[in-house]
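One structure is given below, encoded as structure tokens.
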Amino acid sequence: MSPLDPDPGSEGPPAPDGGFERPPAPDGGSERPLTPDGGSERPPAPDGGWGWVIVVVSFLALMLAYGSPQSVGVLYPEWLLVYGESKATTAWVGSVVAGVGLTVGPICSVCVVNFGSRPVSIFSGLMVSGGLMLSAFAPSVSFLIFSYGIVVGVGAGLLYSATITITCSYFDKRRGLALGIITTGGSVGSFLYSSLQSELVQRLGLDGCLLIVGALALNVVACAGLMRPLTPPRYYLRQRAAILEQRLQEEEQQASNQKPPTKDQVVTVETKGLMRRRRSVFSCTAYVTVIKVKLRRRTRCLSSMLSLLQDRVLMASCITLFFYSFGSYPPLLFLEDLARGSSMTEDAASASTSLVSLMSVGCCVGKLSLGIMADVPRVDSVLLYTLTVGVSGICVLIIPYIRSYLGLQLLSLVLGFLSGNWTLVPYVISQVVGPEKLAEAHGILMFFGGFGIMLGPPVVGGFYDICESYNAAFFITGGFMMATSIVLFLAAVLPRPQTRPPPPPPQISCHVTTVTS
């Protein structure tokens, strides 16, 4: 190891040669051996050192990026007044910003694996900031769905995948605590931004609020600068392999030029020149070949991701997360509107803390508490996650029976605490498929969760437009949440079928016959 490369477990500035660590190889060299798939061997997680810096900057980045999207319930009534659209149409803004970042989870995971967490985080900070500032000039709800929903949502999804991946690479024994801390950043941002956006809307209007919030999101770029990866990304390894190959070719060419050219070498040089001219003429064929190779790589990557769904627990987790997201996100968006449109209007107007803020406080406490509980050796994270989903379904079922604003406040705290089970999702995945497949499996699971979040608020808003009540929607979504929690419980508890090992290859006997003439 060179003196410029710091120890992976030590605290210090990023390494100057590429920004990643290079632990010594077993043979004494300075390079890490490569795996058959082109990546490098995963170094042991330091469980501390610079990892705590990763936790702090990831916490701040998620707070700045998810503060406004997770407190979109404060902006929802303002958009109803400004644009005059129906509740189902306006609800698409909040559902898209929360769901599209999770829906494109597989793409975000591929970007993180190939380019690394630091470049992806920088790009995501620019996307979130630009989308918020662009939303200040939105002329309609359709444009707002694009600027606030798609642009901000994709940027937040990229940042979430990057922070989760780099945190899991730095922590092993304390992974639950680390994930609980960084995912708390979104809840803290939701609590702070709910009050901040309300104050900014009253003083500067909706446009000024979005401009200031977008300017604050630019600090994500500064946080991303400290995300030093432990292993180089695949893109860097490919570029490095290409450079080494080019150097070897140049050295071989220089060695061949020092010898006097023979007749065979002259013929070889002429043949190479003719082949180069043919390649220049038929360059389209070369492009087609390159495209086929890249498509083959993408197909292989997609097939490896889909092969993970053969695991019964992972497939049940995907279904459970879809219906949980479908039913748990609408209360965050519609509870404030439910309180204002009922007999609790005066209590809601005189309340010092909104329901969104209370839900954010409960989510913050829930993420930390559930993350610490997941690190306990005797606690099964899958069963703990199943329990939180089932109790959340019960809470959604009893929303129509609450007649006081104090009851809604208490229910918001409980729902917020239970929504902290998002901390358990990466922990469950790492236990089911292992840390090597964490990025791919996490992307698949986030796709199902994001799809549920995107469909939940518009469906609930459509029920309100038809029935003029939220009761039927809450009954249906709460029932689905309880049913899928039972499915996940059975998938985790019932014994798995043992797969038979593949039969050994048949032995081929070779007979040698000598023929003499």
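Going by the working numbering, the sequence shown opens with residue 7, and the numbers climb by one from there.
Even for Gly, the Cβ is constructed at its ideal location relative to N, Cα and C.
Small disclaimer: the values here were computed from a predicted structure and weren't measured.
For this session: Counting only the same chain and skipping the five closest in sequence on each side, list residues whose C-beta sits under 7 Å from that of S193.
Result: Looking up residue 193 in the sequence shown gives position 187. Only S366, C369, C370, K373 meet the Cβ criterion.
Problem set entry | Short Cβ contact (8 Å threshold) for I151 with W98 | Indexing the sequence shown from 1 puts residue 151 at position 145. Indexing the sequence shown from 1 puts residue 98 at position 92. Cβ distance < 8 Å, so I151 and W98 count as in contact.
Exercise. Once you ignore the five residues that flank P464 on each side, which residues in its own chain have a CB closer than 7 Å to its CB?
Worked result: The count along the sequence shown starts at 1 and reaches residue 464 at position 458. If we look at P464 and ignore the five residues flanking it on each side, its Cβ neighbours are A94, A97, W98, S101.
Problem set entry | Between the CA atoms of A230 and P125 - distance to the nearest angstrom | If you number the sequence shown from 1, residue 125 lands on position 119. If you number the sequence shown from 1, residue 230 lands on position 224. Going by the C-alpha atoms only, they are around 8 Å apart.
Exercise. When the Cα of G137 is compared with those of V157, I188, S127, which residue comes out closest?
Worked result: Indexing the sequence shown from 1 puts residue 137 at position 131. Residue V157 is the option with its Cα nearest to G137.
Exercise. Looking only at its own chain, which residues have a Cβ that is under 6 Å from the Cβ of C117, when we skip the five neighbours before and after it?
Worked result: As a working note, residue 117 is residue 111 in the sequence shown. V126, listed in sequence order.
For this session: Could you work out which residue in M133, G485, A322 is closest to V388 when comparing CA atoms only?
Result: Numbered from 1 along the sequence shown, position 382 holds the residue referred to as residue 388. The shortest Cα separation from V388 among M133, G485, A322 belongs to A322.
Exercise. From K179 to V385, what does the alpha carbon distance come to, in whole angstroms?
Worked result: The sequence position of residue 179 within the sequence shown is 173, counting from 1. The sequence position of residue 385 within the sequence shown is 379, counting from 1. For K179 and V385, the gap between their C-alpha atoms comes out near 14 Å.
Exercise. Could you give the distance in angstroms between the alpha-carbon of R1 and the alpha-carbon of N427?
Worked result: Any answer about residue 1 is impossible in this case: the structure gives the chain only from 7 up to 523.
Problem set entry | Whole-angstrom distance between Y166 and I482, CA atom to CA atom | Taking the sequence shown and counting its residues from 1, the one referred to as residue 482 is at position 476. Taking the sequence shown and counting its residues from 1, the one referred to as residue 166 is at position 160. Approximately 30 Å, taken between the alpha carbons.
For this session: Rounded to whole angstroms, what's the CA-CA distance from A447 to V382? Just pull it up for me.
Result: As a working note, residue 447 is residue 441 in the sequence shown. As a working note, residue 382 is residue 376 in the sequence shown. For A447 and V382, the distance between alpha carbons rounds to 23 Å.
Exercise. What do you reckon, are the CB atoms on V319 and A71 nearer than 8 Å?
Worked result: As a working mapping, residue 319 is identified with position 313 in the sequence shown. As a working mapping, residue 71 is identified with position 65 in the sequence shown. When the beta-carbon positions are compared, V319 and A71 stay at least 8 Å from each other.
Exercise. For A497, is the classification buried or exposed, using 16 other Cβ atoms within 10 angstroms of its Cβ as the cut-off for buried?
Worked result: Start at 1 with the first residue of the sequence shown, and residue 497 comes out as number 491. Label assigned to A497: buried.
Problem set entry | Residue span of the alpha helix (DSSP H) that contains I170, given as start and end | Position 164 of the sequence shown, counted from the first residue, corresponds to residue 170. Looking at the DSSP string, the run of the alpha helix (DSSP H) that includes I170 is 158-176.
Exercise. In angstroms, rounded to a whole number, what distance separates the CA positions of Q316 and Q203?
Worked result: For this step, residue 316 is matched to residue 310 along the sequence shown. For this step, residue 203 is matched to residue 197 along the sequence shown. The alpha-carbon atoms of Q316 and Q203 are separated by roughly 44 Å.
For this session: Put L236 into one of helix, strand or coil per three-state DSSP.
Result: Translated into the one-based positions of the sequence shown, residue 236 becomes position 230. Three-state result, L236: coil.
For this session: Using a threshold of 8 Å, state whether the C-beta atoms of L4 and L430 are closer than that.
Result: The structure shown does not extend to residue 4, since the chain spans only 7 to 523, so no value can be given for it.
Problem set entry | Whole runs of the alpha helix (DSSP H) within the segment 105-164, excluding any shorter than 4 residues | DSSP runs (the alpha helix (DSSP H)) wholly in the segment 105-164: 111-121, 123-141, 147-150.
Problem set entry | CA-to-CA distance, F454 to I113, given in whole angstroms | Translated into positions along the sequence shown, residue 113 becomes position 107. Translated into positions along the sequence shown, residue 454 becomes position 448. Those two C-alpha atoms are separated by around 13 Å.
Problem set entry | Best match in T109, I400, F486 for proximity to M452 [C-alpha to C-alpha] | For the purposes of this step, residue 452 is taken as residue 446 along the sequence shown, with counting starting at 1. Proximity to M452 across T109, I400, F486 peaks at T109, based on C-alpha coordinates.
For this session: May I have a chain-ordered list of the alpha helix (DSSP H) segments no shorter than 4 residues that lie completely inside the segment 193-253?
Result: Taking only runs of at least 4 residues, the alpha helix (DSSP H) segments lying wholly in the segment 193-253 are 225-230.
For this session: Kindly indicate which residue of S153, I172, Y407 has the alpha-carbon position closest to the one of W56.
Result: In the sequence shown, residue 56 corresponds to position 50, counting from 1. When each option's Cα is compared against that of W56, the closest is I172.
Exercise. What do you reckon, are the CB atoms on V395 and Y330 nearer than 8 Å?
Worked result: Position 389 of the sequence shown, counting from 1, holds the residue named residue 395. Position 324 of the sequence shown, counting from 1, holds the residue named residue 330. Yes, the Cβ-Cβ distance between V395 and Y330 is below 8 Å.
For this session: Write down every uninterrupted run of the alpha helix (DSSP H) in the segment 452-497 whose length is 4 residues or greater and which is fully enclosed by it, in chain order.
Result: none
For this session: Give the DSSP-derived three-state secondary structure of L66 in the structure shown.
Result: Working through the sequence shown from its first residue, we reach residue 66 at position 60. Correct three-state label for L66: helix.
Problem set entry | Through-space distance from S418 to V402, alpha-carbon basis | The residue you call residue 402 lines up with position 396 of the sequence shown. The residue you call residue 418 lines up with position 412 of the sequence shown. S418 has its alpha-carbon roughly 10 Å from the corresponding atom of V402.
For this session: Within 10 angstroms of the Cβ of L257, are there 16 or more other Cβ atoms? Answer buried if so, exposed if not.
Result: Taking the first residue of the sequence shown as 1, we reach residue 257 at position 251. Position check: residue 257 holds Glu in this sequence, whereas Leu was assumed. By the 10 Å Cβ count, E257 comes out exposed.
For this session: Count the other CB atoms, across all protein chains shown, that sit within 10 Å of the CB of G35; report buried if there are 16 or more and exposed otherwise.
Result: Translated into the one-based positions of the sequence shown, residue 35 becomes position 29. Caution applies to G35, whose pLDDT of 39 falls short of 50 and renders its modelled position unreliable; the model cannot decide the point.
Problem set entry | R384, enclosing alpha helix (DSSP H) - first and last residue | Walking along the sequence shown from the start, residue 384 turns up at place 378. Run containing R384: none; DSSP gives neither H nor E here.
Exercise. Going by the CB atoms, is the gap between G422 and L364 shorter than 8 Å?
Worked result: For this step, residue 364 is matched to residue 358 along the sequence shown. For this step, residue 422 is matched to residue 416 along the sequence shown. Yes.
Problem set entry | Selection from R234, S92, Y154, V147 that minimises the alpha carbon distance to V61 | Within the sequence shown, residue 61 is the residue found at index 55, counting from 1. Among R234, S92, Y154, V147, the Cα nearest to that of V61 is on R234.
For this session: For V221, count neighbouring C-beta atoms within 10 Å of its own C-beta (all shown protein chains included) and say buried if the count is 16 or more, exposed if not.
Result: Taking the sequence shown and counting its residues from 1, one reaches residue 221 at position 215. The identity of residue 221 in the sequence shown is Ala, whereas the question assumes Val. That one is exposed.
Exercise. P336 and V147: beta carbons closer than 8 Å?
Worked result: Indexing the sequence shown from 1 puts residue 336 at position 330. Indexing the sequence shown from 1 puts residue 147 at position 141. In this structure, V147 does not lie closer than 8 Å to P336 by Cβ.
Problem set entry | Length of the line joining the Cα atoms of L196 and T237 | Counting from 1 along the sequence shown, the entry for residue 196 is found at position 190. Counting from 1 along the sequence shown, the entry for residue 237 is found at position 231. As written in the sequence, residue 196 is Ser, which differs from the Leu given in the question. Answer to the nearest angstrom: the Cα atoms are 32 Å apart.
Exercise. Whose C-beta lies closer than 6 Å to the C-beta of L216 among residues of the same chain, with five residues either side of it excluded?
Worked result: By one-based count along the sequence shown, residue 216 stands at place 210. Counting only Cβ-Cβ distances below 6 Å, and skipping sequence neighbours, we find L138, S141, A142.
For this session: Let me know the secondary structure DSSP gives S36 once reduced to three states.
Result: As a first step, residue 36 must be located in the sequence shown, where it is residue number 30. Confidence is the limiting factor: at S36 the pLDDT is only 38, short of 50, which leaves the residue's position unreliable, though a coordinate-based value still follows. Three-state result, S36: coil.
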